[in-house]
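*Asks:* Numbering (numbering that gives the first Met the number 0), first residue to last: 0 to 295.
Just dropping this structure here.
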Amino acid sequence: MSDERRLAGRMVAPALILMAGVAGYPVLYAIWLSLHQYSVITPGLSRFVGLGNYIEQLTSHAWWAAVGNTFVFTLISVPLELLAGVGMALLLNIAFRFRPLLRSIVLLPYAILTVVSAITWRTIFDPDLGLVSTMLGALGLTDTGVVWLGQSGYAMTVVILADVWKTAPFVALLVLAGLQVIPAELREASQLDGAGALRHFWNITLPLLWPAIALAMIFRTLDALRVFDLPFVLTRGAYGTETMSVLAYQTLRGNQLIGEGSAVSILTFAIVMLVSFLYIRFVGGNIRSVVKGGSR
């Protein structure tokens with residue numbers, strides 16, 4: 000067995016080295032940039048500032064506001080996506096005539112490019128000609144001309160709704176895959192025992208779905224923490240929607256502050272890595288225990 004492991008290690012070593020180089024070089028170079036202050040006027044002119052860029056960001060209001068916006072977005076959008084995804088998966092798992100067509104329709108938003116989705120939602124919430132303003136105005140629920148993407152609170156709500164619409168099908172896809180491997184005999188046995196649909200879902204289906212739900216939660220949380228495209232296209236990060244990734248872009252590209260922008264990127268990377276570690280440490284262990292328990 001040891002010889003086989005050594006052989007396997009030698010066979011995958013080139014690929015691992017290549018992957019480490021491709022993934023590691025940008026991170027190391029960003030760390031190097033974050034320790035310097037660069038001049039965009041004089042090419043090649045820079046000076047070493049150590050942790051100065053990090054201290055500047057960690058003591059700035061803009062950084063902590065971006066952190067707060069990112070976590071507000073994550074803590075609201077991810078649970079909504081899980082609830083919507085599980086509901087869609089349960090619906091798609093029911094056998095009926097037009098199920099293939101419904102699956103295609105439900106999964107369509109996930110196939111649309113995020114930028115295209117953001118432009119669509121910006122059009123829907125247009126203050127004058129948008130569908131939402133027109134419908135609410137016709138019902139007398141609000142005055143016309145409400146600038147949804149130009150007010151704090153409203154803007155973040157639109158960003159969250161756009162993200163839920165876009166990525167809930169991804170959760171549904173993972174949960175549906177989990178539903179497909181649950182034996183039909185379990186439902187038949189619970190029906191013979193007199194269990195209703197709600198009790199069957201809560202006591203049997205949900206525990207067996209937990210690995211798929213937890214996996215979807217991990218993926219969506221990590222994606223939400225580094226969200227960039229939706230808030231950037233919809234609001235350019237204004238009105239309380241500037242996330243950590245948007246702040247990094249604005250600092251690095253918009254303001255041409257190479258060192259400071261690299262520091263923001265590394266801080267964002269560190270937060271995502273920390274959350275990844277916590278998920279793997281706590282949620283990942285629970286997934287393994289559920290899988291082991293189900294295989295016995």
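All C-beta atoms in this analysis are idealised placements derived from N, C-alpha and C, irrespective of residue type, glycine included.
If you drop the 5 nearest sequence neighbours on each side, which residues of the same chain put their C-beta closer than 7 Å to that of residue 73?
*Replies:* Cβ neighbours of residue 73 beyond the five flanking positions: 220, 223 and 224.
*Asks:* By Cβ distance, which residues of its chain are closer than 7 Å to residue 173, with the 5 residues on each side in sequence left out?
*Replies:* Around residue 173: 211, 214 and 215.
*Asks:* Measuring alpha carbon to alpha carbon, tell me which of 234, 66, 47 and 198 ends up nearest residue 156.
*Replies:* The residue with the shortest Cα to Cα distance from residue 156 is 234.
*Asks:* For residue 161, tell me which candidate among 278, 117, 251 and 248 has the shortest Cα-Cα distance.
*Replies:* Answer by Cα proximity: 117.
*Asks:* Check whether the Cβ atoms of residue 263 and residue 247 sit closer than 8 Å, and answer yes or no.
*Replies:* In this structure, residue 247 lies closer than 8 Å to residue 263 by Cβ.
*Asks:* Do residue 25 and residue 109 have their C-beta atoms closer together than 8 Å?
*Replies:* Not in contact: residue 25 and residue 109 (Cβ atoms no closer than 8 Å).
*Asks:* Go through its chain and collect everything with a Cβ distance to residue 292's Cβ below 7 Å, but skip five positions before and after it.
*Replies:* Because residue 292 carries a pLDDT of 48, less than 50, the predicted location of this residue cannot be relied on, and no value is offered for it.
*Asks:* Could you pull the start and end residues of the beta strand (DSSP E) that residue 46 belongs to?
*Replies:* It spans 45–47 - the beta strand (DSSP E) in which residue 46 sits, taken as one unbroken run.
*Asks:* Quick check on DSSP: helix, strand or coil for residue 36?
*Replies:* In this structure, residue 36 counts as strand in the three-state DSSP scheme.
*Asks:* What are the uninterrupted segments assigned as alpha helix (DSSP H) that are 4 or more residues long and contained completely in the stretch 240–292, given in chain order?
*Replies:* Entirely contained in the stretch 240–292, the alpha helix (DSSP H) runs reaching 4 residues are, in chain order, 243–248 and 257–277.
*Asks:* Is residue 85 close to chain B, meaning its C-beta is less than 8 Å from at least one C-beta of that chain?
*Replies:* No chain B is present in this structure, which holds just one protein chain.
*Asks:* Spell out a yes or no on whether the stretch 27–46 and the stretch 250–258 are touching, meaning 3 or more CB-CB pairs, one atom from each, closer than 8 Å.
*Replies:* Flag = yes, the stretch 27–46 and the stretch 250–258 touch.
*Asks:* Quick test of the definition: if touching needs 3 or more C-beta pairs under 8 Å, does the stretch 123–139 touch the stretch 47–54?
*Replies:* Short answer: they don't touch.
*Asks:* When you compare only the Cα positions, how much space is there between residue 289 and residue 175?
*Replies:* The predicted model places residue 289 with a pLDDT of 48, which falls under 50 and marks its position as unreliable; any figure quoted below should be read in that light. Rounded to whole angstroms, residue 289 to residue 175 spans 18 Å at the Cα level.
*Asks:* Just to confirm before moving on: does the CB-CB distance between residue 274 and residue 171 stay below 8 Å?
*Replies:* Against a cut-off of 8 Å, the Cβ pair of residue 171 and residue 274 comes out as no contact.
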